[in-house]
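Below is one structure, written out as structure tokens, with a few remarks after it.
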């Protein structure tokens, strides 16, 4: 019974629940970023670079069965034929997705850090003339 209580206390800690929520949101966010890169960012870049489809940018290392003389038209065709490929375009897409996610996480953490910092203490204001005059009178009376 004690082990069960310890486990329950561990699970109910705020940090563990925050981590679980972060994992779920992060997973959903990575799907959104993947779609952003694959469907929104890379097509215009490919168009600018002369109609390159990054998802089909690959190098055939070893041809598969019944390899066409002019090479495989798509990555899916090469993989279906059992070819060994170096998938450069998919790697580029993944790197761009990573950079977007890393930038977003950096921005969120920086924002949270800004919120958590204590406000800088204001320098004490200079005493008013009346206070300075009262101090002079006090010092004179001490002498």
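Residue numbers (the numbering used here): 282 to 424. Backbone N, C-alpha and C define an ideal beta-carbon position, used for all residues, glycine too.
| Looking only at DSSP bridge pairs, what is residue 343 linked to? | For the purposes of this step, residue 343 is taken as the residue at position 62 of the chain shown. BP columns for residue 343 point to 365.
| Between the Cα of residue 357 and the Cα atoms of 419, 336 and 395, which residue gives the shortest distance? | In the chain shown, residue 357 corresponds to position 76, counting from 1. With distances taken between Cα atoms, residue 357 lies closest to 336.
| What residues in its chain sit with their C-beta under 7 Å from that of residue 371, if we drop five residues either side in the sequence? | On the chain shown, residue 371 is found 90 positions in, with the first residue counted as 1. So the qualifying residues of the chain are 336.
| message | Helix, strand or coil, according to DSSP, for residue 408 in the structure here? | response | Residue numbering aside, residue 408 sits at position 127 when the chain shown is read from its first letter. Coil at residue 408, not helix or strand.
| field | Inter-residue Cα distance where the pair is residue 420 and residue 410 | value | By one-based count along the chain shown, residue 420 stands at place 139. By one-based count along the chain shown, residue 410 stands at place 129. So the alpha carbons of these two residues sit roughly 15 Å apart.
| Could you give the distance in angstroms between the alpha-carbon of residue 346 and the alpha-carbon of residue 361? | If you number the chain shown from 1, residue 346 lands on position 65. If you number the chain shown from 1, residue 361 lands on position 80. Cα to Cα, the separation comes out at about 9 Å.
| query | Looking only at C-alpha atoms, which of 374, 353 and 354 sits nearest to residue 323? | reply | Counting from one through the chain shown, the residue named residue 323 turns up at place 42. For residue 323, the nearest C-alpha among the options comes from 374.
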